[in-house]
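Chemist: Pasting a structure here, questions to come.
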């Protein structure tokens, strides 16, 4: 009977809004922890970049945690210094998350698709940013 009314236990997990809302909740929980944890200082439980641990080089996302911390504390110039490219890309990522959530709340599944040119552009920017930031 419960399955007929659409209230089966698994039906909530399959709803199109579940995944984007779970990502939002996880991000909010992480932001709450990060707000009180300065990643510029040692002694925290924040993960280190595996790429940097292995190579000693900065990856395209290195500095992202410090950037978010600085943004939450109103330090835009420090966030810019932490990771310029990631800071510039953040509004696009937030817009994608918002669109995913809105479509899910409307009961529709949404999946962004990047064409080959967009994929190539993202790859070129990531590689170029990695090279540029490791030159000095």
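Residue numbers (our numbering): 1 to 136. Glycine is no exception: its CB is placed at the ideal position from the N, C-alpha and C atoms. Here the structure is a predicted model, which means the values were calculated and not measured.
#1: Where do the N-terminal and C-terminal ends of the alpha helix (DSSP H) with residue 22 fall, by residue?
#2: Does the Cβ-Cβ distance between residue 103 and residue 16 come in under 9 Å?
#3: Could you check where the alpha helix (DSSP H) with residue 70 kicks off and where it finishes?
#4: Tell me the rounded alpha-carbon separation between residue 53 and residue 123.
#5: Along the alpha helix (DSSP H) that carries residue 154, what are the first and last residues, could you check?
#6: Assuming residue 21 and residue 93 make a contact with CB atoms under 8 Å, what is their CB distance in whole Å?
#7: Verify whether the separation of the beta carbon atoms of residue 55 and residue 46 is less than 9 Å.
#8: Mapping the DSSP letters down to three states, classify residue 113 as helix, strand or coil.
#9: Report yes if the CB atom of residue 129 is closer than 9 Å to the CB atom of residue 85, and no otherwise.
#10: State yes or no: is the C-beta of residue 121 within less than 9 Å of the C-beta of residue 72?
#11: Give me the residue from 12, 125, 132, 65 with the minimum Cα distance to residue 32.
Modeler: The short version:
#1: Translated into positions along the chain shown, residue 22 becomes position 22. Counting along the chain, residue 22 sits inside the alpha helix (DSSP H) bounded by residues 18-35.
#2: As a working mapping, residue 103 is identified with position 103 in the chain shown. As a working mapping, residue 16 is identified with position 16 in the chain shown. It is a contact, given that the beta carbons lie within the stated cut-off.
#3: Position 70 of the chain shown, counting from 1, holds the residue named residue 70. Annotation for residue 70: the continuous alpha helix (DSSP H) segment containing it runs 64-72.
#4: Numbered from its first residue, the chain shown carries residue 53 at position 53. Numbered from its first residue, the chain shown carries residue 123 at position 123. Cα-Cα distance, rounded: 22 Å.
#5: Since the first residue of the chain shown is 1 and the last is 136, residue 154 is not available in this structure.
#6: Mapped onto the chain shown, residue 21 falls at position 21. Mapped onto the chain shown, residue 93 falls at position 93. No, residue 21 and residue 93 are not in contact; Cβ-Cβ is about 16 Å, not under 8 Å.
#7: Counted from its first residue, the chain shown places residue 55 at position 55. Counted from its first residue, the chain shown places residue 46 at position 46. Going by C-beta atoms, residue 55 is not nearer than 9 Å to residue 46.
#8: Residue 113 sits at position 113 when you count from the first residue of the chain shown. It is coil, neither helix nor strand.
#9: The residue labelled residue 129 in the question sits at position 129 within the chain shown. The residue labelled residue 85 in the question sits at position 85 within the chain shown. Going by C-beta atoms, residue 129 is nearer than 9 Å to residue 85.
#10: In the chain shown, residue 121 corresponds to position 121, counting from 1. In the chain shown, residue 72 corresponds to position 72, counting from 1. No Cβ-Cβ contact shorter than 9 Å links residue 121 with residue 72.
#11: Counting from 1 along the chain shown, the entry for residue 32 is found at position 32. Nearest Cα to residue 32 within the set 12, 125, 132, 65: 65.
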